[in-house]
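Structure record follows, encoded as structure tokens.
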Amino acid sequence: MSSIISVPLLVANWKMNPQTCAEAKALFLSVKKLLAKKTSADIVIAAPSVFLSTLTKDAAKSNLHLAAQDVSSEKMGAFTGEISALMLKSVGVSHVIVGHSERRARGELDAFVTQKVQLGVKSDLTVVVCVGERERDAQGKYFSVVEAQVRSALQGIASSKLAQLAIAYEPVWAISTATPSAHPATPEDAHEMLLFIRKILTDMYGRSAAERVRLLYGGSVTEKNIEALVARSGAQGYLVGGASLRPEEFATIVSAVQ
Ligand code: PGA
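Going letter by letter, the sequence shown gives residues 336 to 593 in the working numbering.
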């Protein structure tokens, strides 16, 4: 229980793609075929929620897991348009992404992220919490931005639940679709921030509990930069957006990580 989880975690964030259920199924099946024998990583497909229950049947017979890209901050009741953690669990979803910068940009507050993490963990989902600064400044204030996001997201989470959490460092400036000037973080920049996040966790929970949380990097991960990231970022996995919609490229990324 006390060492850093050694199985890497790869999350394919499809975002609001593809546009039809048939296309989602076809994309899922090509990823499944390409990854049929590659089992030494946890591979999670974060498809749009509306497609998840269709995909659970195919996922059940594979080494792929399913994630939602968001979840309600409320347990149940009169919340039109929301999907609860228990609903996701009940259709066979095992993971959920919380606090993605594209949700934060649409008004998601830290307080909602906190509630979503708590409900996700309580519902037995593995929660991938996204943190990351919008921009970097010469004084290094962006470290405090990330620290505040991490501390807030983990409020009320007991150390016994930490294995159900992963934290993805996704600087907004690195996300391929965020700005025309988006560029991946260097492996060294990612490494520095992941060490910083590990230090915050150690401060909150102690060293051995902190080491149960997988720390991921996300932002313009492609087949071109994955080897350098694997060699030097120190991440225990990756959150892949655009490149995850190209099955062959995603499979190349998975092989590089294993
Ligand atoms: P990207 O997206 O890989 O297309 O940059 C990552 C993400 O937003 O999770």
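Where a beta carbon is used, it is the ideal one built from N, C-alpha and C, also for glycine.
Cβ neighbours of L536 in the same chain (closer than 7 Å, five flanking residues each side left out): Here the set comprises A545 and V548.
Please report the distance separating the alpha-carbon of A591 from that of L387. Distance from the CA of A591 to the CA of L387, rounded to the nearest whole angstrom, comes to 27 Å.
Relative to the C-alpha of V456, which candidate in D524, L551 and S408 has its C-alpha closest? When only C-alpha atoms are compared, the closest one is S408.
Distance, L529 Cα to L551 Cα: Cα to Cα, L551 sits roughly 8 Å from L529.
When the Cα atoms are used, what is the spatial distance from Q354 to V366? About 17 Å.
Assigned secondary structure, L489 (DSSP; H/G/I helix, E/B strand, else coil): For L489, the secondary structure class from DSSP, reduced to helix, strand or coil, is coil.
Might you give, ordered along the chain, the residues of its own chain that have their beta carbon closer than 8 Å to the beta carbon of A483, omitting 5 neighbours on each side? Excluding positions up to five away in sequence, the list reads D445.
Alpha-carbon to alpha-carbon, Y540 and K496: Their Cα atoms are separated by approximately 11 Å.
Please say whether L399 and I380 have beta carbons closer to each other than 8 Å? It is a contact, given that the beta carbons lie within the stated cut-off.
Any heavy atom of ligand 1 closer than 7 Å to the beta-carbon of I561? In this structure, I561 has its beta carbon at no less than 7 Å from each heavy atom of ligand 1.
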